[in-house]
Amino acid sequence: MRRFNPAPFIAVAAAVAFVAGPAAAHARLVGTTPAPDSTVAATRSISLTFSERSVPAFSGFDVVDAAGEKVAIRTSVAEDGRTLTGTLARPLAAGAYRIDWRIASSDGHRMTGSYTFTVR
Numbered sequence: 000m001r002r003f004n005p006a007p008f009i010a011v012a013a014a015v016a017f018v019a020g021p022a023a024a025h026a027r028l029v030g031t032t033p034a035p036d037s038t039v040a041a042t043r044s045i046s047l048t049f050s051e052r053s054v055p056a057f058s059g060f061d062v063v064d065a066a067g068e069k070v071a072i073r074t075s076v077a078e079d080g081r082t083l084t085g086t087l088a089r090p091l092a093a094g095a096y097r098i099d100w101r102i103a104s105s106d107g108h109r110m111t112g113s114y115t116f117t118v119r
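Structure follows, in structure tokens:
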């Protein structure tokens with residue numbers, strides 16, 4: 000009678016997990032300017048950097064003021080595909096702001112998030 004040896008199955012499962020791991024990862028927000036919860040001087044530029052390339056048609060962010068109104072901003076995606084930059088027509092006035100971001104990575108996963116900062 001042959002005994003069942005689970006070693007080959009464990010090896011295959013580990014290989015699948017190792018290969019699928021990076022592909023299953025979601026884009027994470029890894030850097031921002033201004034930083035979350037920071038207080039900054041008036042700014043005309045906002046940048047968000049993610050852990051992987053984005054699909055520009057489905058990625059971007061909004062700047063929302065303390066009254067809940069969206070601030071007009073023109074966004075672009077850097078050549079690396081990971082950094083979204085927004086340019087404002089004029090510097091932000093003093094007050095609290097929220098960034099509502101959305102990103103679709105090349106693997107099709109969509110993520111959203113938000114953070115706040117203050118302009119003095």
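Numbers 0 to 119, taken from numbering that gives the first Met the number 0, label the letters of the sequence shown in order.
A virtual CB, placed ideally from N, CA and C, is assigned to each residue, including glycine.
Quick caveat: nothing in here was measured; it's all calculated off a predicted structure.
Is it buried or exposed, residue i, if we count other Cβ atoms within 10 angstroms and call 16 or more buried?
i: S105; result: exposed
i: R119; result: exposed
i: P33; result: buried
i: R81; result: buried
i: V62; result: buried
i: G85; result: buried
Using three-state DSSP, classify residue i as helix, strand or coil.
i: A125; result: Absent from the structure is residue 125, since the part of the chain shown begins at 0 and ends at 119.
i: T56; result: Note on identity: in this sequence residue 56 is Ala, with Thr being the wrong assignment. DSSP places A56 in helix when its eight states are reduced to three.
i: V15; result: Only weak support exists for where V15 lies, its pLDDT of 48 falling under 50; the value from the coordinates is given anyway. Three-state result, V15: helix.
i: P21; result: Unreliable positioning characterises P21 in this predicted model, as indicated by a pLDDT of 49, which lies under 50. The coordinate reading is nonetheless provided below. P21 falls in the helix class under three-state DSSP.
i: R119; result: coil
i: A95; result: strand
i: D61; result: strand
i: R101; result: strand
i: F49; result: strand
To the nearest angstrom, how far is it from the Cα of residue i to the Cα of residue j?
i: A56; j: N4; result: 50 Å
i: S37; j: G107; result: 31 Å
i: F49; j: W100; result: 11 Å
i: P21; j: E51; result: Residue confidence is low: P21 scores 49 on pLDDT, short of 50, so the model does not pin down where it sits. No coordinate-derived value is stated.
i: R73; j: I102; result: 16 Å
i: V70; j: L47; result: 17 Å
i: I98; j: S113; result: 5 Å
i: A40; j: T115; result: 14 Å
i: R2; j: R109; result: 46 Å
i: R89; j: A95; result: 16 Å
Can the beta-carbon of residue i be found less than 8 Å from the beta-carbon of residue j?
i: A93; j: S53; result: no
i: L83; j: V76; result: yes
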